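Enquirer:
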Amino acid sequence: MAMATARHILVDDEASCNDLKAQIEAGADFAVIAKQYSNCPSSAEGGDLGEFGPGMMVPEFDKVVFSAPVNTVQGPVKTQFGYHLLEVTSRTE
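All residue numbers for the sequence shown refer to the UniProt record's numbering, where the first residue is 1 and numbers rise by one.
Below, the structure written as structure tokens:
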């Protein structure tokens, strides 16, 4: 079974999500941004969600995590929780 590790940043609106993505693409550290801005409890760990398999996260999240290139920031991804920036840190097929 495929497994992935990922980290994310969760915010309330798409504009904030795009702003944070621009900061990261300009060289800001993903983990530092997650600790400062993410609404998820994972923010304490720099957004790290650990390892998980397909179906363990909401469908919108799963779709990106199991298809996006590793170590590339993806998003905004809208879910019922808000807007996410996602970065797959590893994946096994």
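Built from N, CA and C at the ideal position, the CB exists for glycine as well. As the structure is a prediction and not an experimental result, all values here were calculated from the model.
Near Ser38, which residues of its chain fall below 8 Å by C-beta distance, leaving aside the five closest residues on each side in sequence?
Expert: Taken in chain order, the residues that qualify are His8, Ile9, Leu10, Val11, Gly47.
Enquirer: What is the residue span of the alpha helix (DSSP H) that Asp62 lies within?
Expert: Looking at the DSSP string, the run of the alpha helix (DSSP H) that includes Asp62 is 59–65.
Enquirer: Would you kindly check if the distance between the Cβ of Ile33 and the Cβ of Leu20 is under 8 Å?
Expert: It is a contact, given that the beta carbons lie within the stated cut-off.
Enquirer: Tell me where the beta strand (DSSP E) around Glu87 begins and ends.
Expert: It spans 82–92 - the beta strand (DSSP E) in which Glu87 sits, taken as one unbroken run.
Enquirer: Just to confirm my understanding: we take Gln23, look at its own chain, exclude 5 residues before and 5 after, and list those with CB closer than 7 Å. What are they?
Expert: So the qualifying residues of the chain are Ile33.
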